[in-house]
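Residue numbers (UniProt numbering): 1 to 311. Glycine included, every Cβ here is placed at the ideal spot set by N, Cα and C. To keep things clear, I will list the structure first and then write my remarks on it.
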Ligand SMILES: NC(=O)c1ccc[n+]([C@@H]2O[C@H](COP(=O)([O-])OP(=O)(O)OC[C@H]3O[C@@H](n4cnc5c(N)ncnc54)[C@H](O)[C@@H]3O)[C@@H](O)[C@H]2O)c1
C-alpha cells in the first residue's frame, strides 16, 4: 500500500518508516525538516521517497495528488508543550491548519484512512486520581495550547468521519522515548537526561520531580501506527498503564549509564499536567497491541544507542 508519512524524518516518524518498510509498504515521507533530520532516515533512503514540503502549503495538496496514497500517517507537528505556550500561533498554524490541509487532501483523494498522532499526556488534562489509568471515554480537557490543538484535531477527525466518511484512528500516545529523539528540544526528558549523562552535564528537573508520565518505547509506538492502518477506530490510547516520575527517570538513567550527573530543581513548567498513566485496554482489544519493552529495558537500549551515536 502507498503510505504518506508526514513528519517522517522526525523521531517517531523515522521508527514508523522502518516498521512500514518491514511490512512491505511503499513509503512517502513528507517533512519540512524544521525539527526532523535526513540522518534519522538515512538507512532507509534507498527504499523510500522523501519530499521536503510544509504540510500547511498548497504544494502539499499537489504532491499528495501525484502520490494518491492509500493511507496517511500524520505525525508532522509542533510537538512541544513549552513551545506552544511561548508561540501559540505557530502551534495552531502547524497543528490545526496543517491537519485541515491534510484532511482536505485525504477527502479529495478518497484515502482509505488517516492515522493521527494525538497526545494522551495532554488531551485529557489533569484527571482525578481515581480516573488513572486514563481510558478513552473520559472527556477531552486540555490545559496547554499544544493539548488544545491535539484535542481539537481529534474533533476535526470525528467530523470528517461523520460528514465525509473519512476513516481515522487517533493514537493518543504516552511519552515516547528511544534512540533518535532530539535531546536539545524543550521536551523529551529521557533524551535530554541521557544526553546530559553521556556528556556529564547537569540535569534540570522542572518542579520537585514528582510529575509522572507514562513512558512508551518508540518501537512499540511504531508497531501500533502500522497496525492502525487496518484496525482500530476513534481515539486509542497507547500507554503502559504505569506512572513514572521525573525523579525516577533520572535514577533509572543513572543506573543504566553507571555514571552520575549533577541534578538541579528549577521552576515548574506552566501548562503541564501532574500525573499521566494511560490504559491500553482498547489498544489490546482493537489493535491487538500491547507494549513489548518495559522501561528498564527501553532506557538501557536508548542509552546504549545514543552513546554509540555520540550525541
Ligand atoms: N514524542 C512524544 O512523546 C509524543 C507524545 C505524544 C504525541 N506526539 C506526537 O507525535 C508526532 C511526532 O512527534 P516527534 O516526537 O517525533 O516529534 P519530531 O519533532 O521529532 O517530529 C515532527 C516532525 O514533523 C516535521 N514538521 C514539523 N512541522 C512541519 C510542517 N509544517 N510541515 C512538514 N513537516 C513538519 C518536523 O520536521 C519533524 O520531522 C507529533 O505529532 C507529536 O505531537 C509525540
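Exposure label - residue i; buried when at least 16 CB within 10 Å
i           : result
residue 78  : buried
residue 261 : buried
residue 310 : exposed
residue 315 : The question about residue 315 has no answer here: the residues shown for the chain are numbered 1 through 311.
residue 295 : buried
residue 198 : buried
residue 361 : The structure shown does not extend to residue 361, since the chain spans only 1 to 311, so no value can be given for it.
residue 42  : exposed
residue 73  : buried
Expected contact under 8 Å - CB spacing of residue i and residue j to nearest Å
i           : j           : result
residue 6   : residue 55  : 5 Å
residue 145 : residue 88  : 4 Å
residue 119 : residue 64  : Not a contact, Cβ separation roughly 24 Å.
residue 82  : residue 187 : 6 Å
residue 207 : residue 268 : 3 Å
residue 105 : residue 60  : 7 Å
residue 212 : residue 251 : 14 Å between Cβ atoms; not a contact.
residue 219 : residue 293 : 7 Å
Nonlocal neighbours in the same chain, by C-beta distance under 8 Å from residue i, ignoring five residues either side
i           : result
residue 103 : 114, 156, 157, 160, 166
residue 32  : 52, 53, 54, 55, 76
residue 94  : 55, 56, 76, 77, 78
Proximal residues to residue i (C-beta, below 6 Å), its chain only, five neighbours per side dropped
i           : result
residue 265 : 205
residue 278 : 120, 133, 134, 174, 214, 237, 239
residue 148 : 142
residue 109 : 68
residue 180 : 11, 14, 40
residue 49  : 28
Nonlocal neighbours in the same chain, by C-beta distance under 7 Å from residue i, ignoring five residues either side
i           : result
residue 126 : 143, 273, 274
residue 112 : 70, 71, 167
residue 85  : 144, 145, 270, 271
Segments assigned alpha helix (DSSP H), at least 4 residues, entirely inside the stretch 167–236
189–198, 218–227
Give, in chain order, every unbroken run of the beta strand (DSSP E) that is at least 3 residues long and sits entirely within the stretch 233–276.
234–238, 263–266
Quick check for students: name the residue ranges of the alpha helix (DSSP H) that lie wholly in the stretch 103–172, counting only runs of 4 or more.
145–164
Along the chain, which unbroken stretches of the beta strand (DSSP E) at least 3 residues long are found entirely within the stretch 16–79?
Qualifying beta strand (DSSP E) stretches, in chain order: 26–31, 49–52, 71–74.
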